[in-house]
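**Q**
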Amino acid sequence: MPHGKTGVSESLVKSVKKSLEVAIGTSVMTFSELQTVLFEVSNLLNERPIGTKNSDPTEGSYLCPNDLLLGRSSIRVPNGNFNENSNYKLRWKFIQQVVQNFWKKWTRDFFPTLIIRQKWHTKQRNVKVGDLVIVQDSNIVRGRWKMAQIVEANAGRDGFVRDVILRYKNVSQGVSYNGCEDQTIRRSVHRLVVILPVEEQLKD
């Protein structure tokens, strides 16, 4: 395996380990509880965007590892029914909080570093109109990624772009597009991760 590919894999493993350490902390878990946490974390990792599909990526549709492994974007199943006063429900809530803590830590601190493409990511390159990006929103639902396209990027006097206008559709991954209208938001470039530069789209 090329060194670059190995480096990305190693970074992913390290980021997951560190985020799990923070999420679990000093909590004591049974084997089955830890197994459940690892299963959910694995599913979250395999739902991360790794590319775009032929359809409009702002519709919420993107290529993820689960598409390649399972032929679908998610292996999530409905949660069971629990008695409100049962210990099982309390432990289930605890497990979900651990997974949520992992999600917040991993997406905030590590995810942006895992998909940088050295081919185009340089200090000289500003984000450009047409770039496809992931928006790093703090209130995003666990397991969801907001995909958007830059429609306006104005550089300051120093030549650097600091905020942009984005176009996106409020559609979840794996949910059929229902014809909803485009929405636009303004975001700082520090909250964006470019996954497909406009230059690479033009080549296609």
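Position 152 of the sequence shown, counted from 1, bears residue number 152 in the UniProt record's numbering, the numbering being contiguous throughout. Virtual Cβ for every residue (Gly too), placed ideally from N, Cα, C.
#1: Below 8 Å on the Cβ atoms is my contact criterion, and I expect Ala148 with Val133 to pass it. Report the Cβ-Cβ distance as a whole number of Å.
#2: Have a look at Ala23 and Ser32 and give me their C-alpha separation to the nearest angstrom.
#3: Relative to the C-alpha of Arg142, which residue among Thr26, Arg48, Ser27 is closest?
#4: Taking its Cβ as the centre, do 16 or more other Cβ atoms sit within 10 Å of Thr107, making it buried, or is it exposed?
#5: With respect to the alpha helix (DSSP H) encompassing Ile95, which residues constitute its N-terminal and C-terminal limits?
#6: Less than 6 Å between C-beta atoms, sequence neighbours within five positions excluded: which residues of the same chain meet that for Ser9?
#7: I need the straight-line Cα distance from Val193 to Leu68, nearest angstrom please.
#8: Taking 9 Å as the threshold (C-beta atoms), are Val189 and Val164 in contact?
#9: Do Tyr168 and Val135 have their C-beta atoms closer together than 9 Å?
#10: Considering only residues of the same chain and omitting the five flanking positions on each side of Ile95, which have a CB-CB separation below 7 Å?
**A** Based on what the coordinates show:
#1: About 6 Å; that satisfies the 8 Å criterion.
#2: Going from the Cα of Ala23 to the Cα of Ser32 covers about 17 Å.
#3: It is Arg48 whose Cα lies nearest to the Cα of Arg142.
#4: By the neighbour-count rule (16 or more Cβ atoms within 10 Å), Thr107 is buried.
#5: Here the alpha helix (DSSP H) through Ile95 covers 87-109.
#6: Hits under 6 Å: none found.
#7: Between the alpha carbons of Val193 and Leu68 lies a distance of about 22 Å.
#8: With respect to the 9 Å criterion, Val164 and Val189 are classified as neighbours on the basis of their beta carbons.
#9: Yes; because the gap between Cβ atoms is below 9 Å, this pair is in contact.
#10: Within the same chain, Ile95 has close Cβ partners Glu33, Thr36, Val37.
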